[in-house]
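Okay, structure first, notes after.
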Amino acid sequence: MNKMTSSLSEMSLGDYRSFPISYKVEVKHGYIYVLKDSVYPGYVKLGMSRNLQRRYKDYNAHKPYNTAEFIAISDPFEDAIRVEKKILEALIKRVQPIGAKKEWFEAKHEGLIREVIEEAEAHFHSYIPAGDIYANDE
1015 MNKMTSSLSE MSLGDYRSFP ISYKVEVKHG YIYVLKDSVY PGYVKLGMSR
1065 NLQRRYKDYN AHKPYNTAEF IAISDPFEDA IRVEKKILEA LIKRVQPIGA
1115 KKEWFEAKHE GLIREVIEEA EAHFHSYIPA GDIYANDE
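Converting from the sequence shown to this note's numbering requires adding 1014 to each position, the first position being numbered 1.
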């Protein structure tokens, strides 16, 4: 970029031609969790999060008090998005999920859900986060 300007009003789109277009980088690492919520007794939710502390806070944000708790948290995965999809595919072949997003299951299947997560931990690449399990990285 050769042209220098003294004010924003003198700048034009042409001044930015040499700047590369920035792309959003998708961060894929994260954890698979199983959550139970006292508002929905008899059911558990399987999910994925890069930041478990924030996920817990967001899940409970619109409630007068916290009703949910994590009952299982996987080892961290390098590509948790893919792993969650594979776990859900494996579970749906064996048990009927509840709800449109197919993330909720009857609590009686908690053992099976844990088994499938353990199989995934043995099969997929793990990720070593900087800091503890509740690291604040996106």
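Think of the CB as a built atom: it goes at the ideal place given N, C-alpha and C, for glycine as much as any other residue.
{"query": "DSSP state of R1072 mapped onto helix, strand, coil", "result": "One detail in the question is off: residue 1072 reads as Asp in this sequence, not Arg. In this structure, D1072 counts as helix in the three-state DSSP scheme."}
{"query": "Alpha carbon of D1051 to alpha carbon of A1082, nearest angstrom", "result": "4 Å"}
{"query": "Enclosing alpha helix (DSSP H) for K1100 [first to last residue]", "result": "A1094 to R1108"}
{"query": "Sheet register partners of V1058 (DSSP bridge)", "result": "K1050 and F1119"}
{"query": "Selected residue, minimal CA-CA separation from G1113, among R1069, V1130 and V1058", "result": "V1058"}
{"query": "Residue closest to G1044, alpha-carbon to alpha-carbon, out of P1055, L1066 and V1053", "result": "L1066"}
{"query": "Residues sharing a beta bridge with A1088, DSSP", "result": "Residue identity differs from the one stated: residue 1088 is Ser in this sequence, not Ala. The partner list for S1088 (beta bridge, DSSP) is empty, contrary to what the question assumes."}
{"query": "First through last residue of the alpha helix (DSSP H) which encompasses G1125", "result": "E1124 to H1137"}
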